[in-house]
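Heads up: the structure comes next, in structure tokens.
Numbering (our numbering), first residue to last: 1232 to 1462.
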């Protein structure tokens, strides 16, 4: 698949510290790092995981995504808008960042592969993961935990309630601490270029089940000013 513009990723450098002796204490509440103390299985210092404000799933993931044609999407997308694009086994889809900014995670199946399309607005970090774990024995669904690590999205899986770093592509607290997620290749492109190259592709619809002012960015000029939230 042709790479159109450079994928914009924030590189976070950490030195993992794996505690492989989990106690009987488990994370019974998503993102409750008060119970995830130093005896809990973790790959980072848990006191560095902070609340981002919203509760678990306060930023709702899209778990039943709907898609529309390029022509329909052109009614609300501007040429300068960014989309995240996938081409898996000939199944070509694009996810507008103006929608992802309000949801951060889309649980989808593309070309027969269960994927999580993710976006962290605070870092402008895009990542796509295969949702299959344990050598394909388990497929998980991801949600937003309401937590941040290094100002980056911390996800959780709804099966084990483990916490995952989006930028590191790794479990950080719980059963899957230290487990790496399989990254799936993707492109980030201007809508103008995407629609020209893939006129028959499927585009994520604004029909998400949530009432959000899509097209309005809740982070305003955060991307261009010098302020840093949750440093």
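By construction, the Cβ of each residue, glycine as well, lies at the ideal position given by its N, Cα and C atoms. Only a predicted model underlies this, so the values are computations on that prediction, with no experimental measurement involved.
Tell me the DSSP bridge mates of residue 1358?
1349
Report the option in 1448, 1412 and 1382 whose CA atom is closest to the CA atom of residue 1460.
1382
Tell me whether residue 1400, by its Cβ, gets closer than 7 Å to a heavy atom of the ligand COA.
The model depicted lacks the ligand COA and carries no ligand whatsoever.
What does the alpha-carbon distance come out to for the pair residue 1453 and residue 1408?
31 Å
Quick one: does residue 1398 have its CB under 8 Å from some CB of chain C?
Going by chain labels, chain C is absent from the structure shown, which holds only one protein chain.
Given residue 1429 as reference, the closest of 1280, 1406, 1279 and 1305 once Cα atoms are compared:
1305
Beta-bridge partners of residue 1378, as assigned by DSSP
1282 and 1385
Have a look at 1279, 1292 and 1325 and flag the residue whose alpha-carbon is nearest the alpha-carbon of residue 1387.
1292
Tell me whether the beta-carbon of residue 1465 lies closer than 8 Å to the beta-carbon of residue 1359.
Outside the shown range of the chain (1232 to 1462) lies residue 1465, about which nothing can therefore be said.
Helix, strand or coil for residue 1424? Go by DSSP, reduced to three states.
helix
Between 1404, 1379 and 1362, which has its C-alpha nearest residue 1398's C-alpha?
1379
How far does the alpha helix (DSSP H) with residue 1331 in it extend, from its first residue to its last?
1328-1334
Cβ of residue 1417 within 8 Å of Cβ of residue 1315?
yes
Do the CB positions of residue 1272 and residue 1436 come within less than 8 Å of each other?
no
Report yes if the CB atom of residue 1347 is closer than 8 Å to the CB atom of residue 1313, and no otherwise.
no
In angstroms with no decimal places, state the Cα-to-Cα distance between residue 1302 and residue 1295.
21 Å
If you draw a straight line from the alpha carbon of residue 1287 to that of residue 1345, how long is it in whole angstroms?
22 Å
Alpha-carbon to alpha-carbon, residue 1276 and residue 1400:
16 Å
Tell me which residue opens and which closes the alpha helix (DSSP H) that residue 1301 is part of.
1301-1304
Assuming residue 1330 and residue 1439 make a contact with CB atoms under 8 Å, what is their CB distance in whole Å?
7 Å
Report back the beta-carbon spacing between residue 1285 and residue 1377 to the nearest angstrom; my notes put them in contact at under 8 Å.
5 Å
Sequence-distant residues of its chain with Cβ nearer than 8 Å to residue 1319 (five each side left out)
1341, 1342, 1343, 1344, 1346 and 1415
Report back the beta-carbon spacing between residue 1323 and residue 1441 to the nearest angstrom; my notes put them in contact at under 8 Å.
The Cβ separation is near 25 Å, so there is no contact.
Separation of residue 1422 from residue 1325, as counted between CA atoms
9 Å
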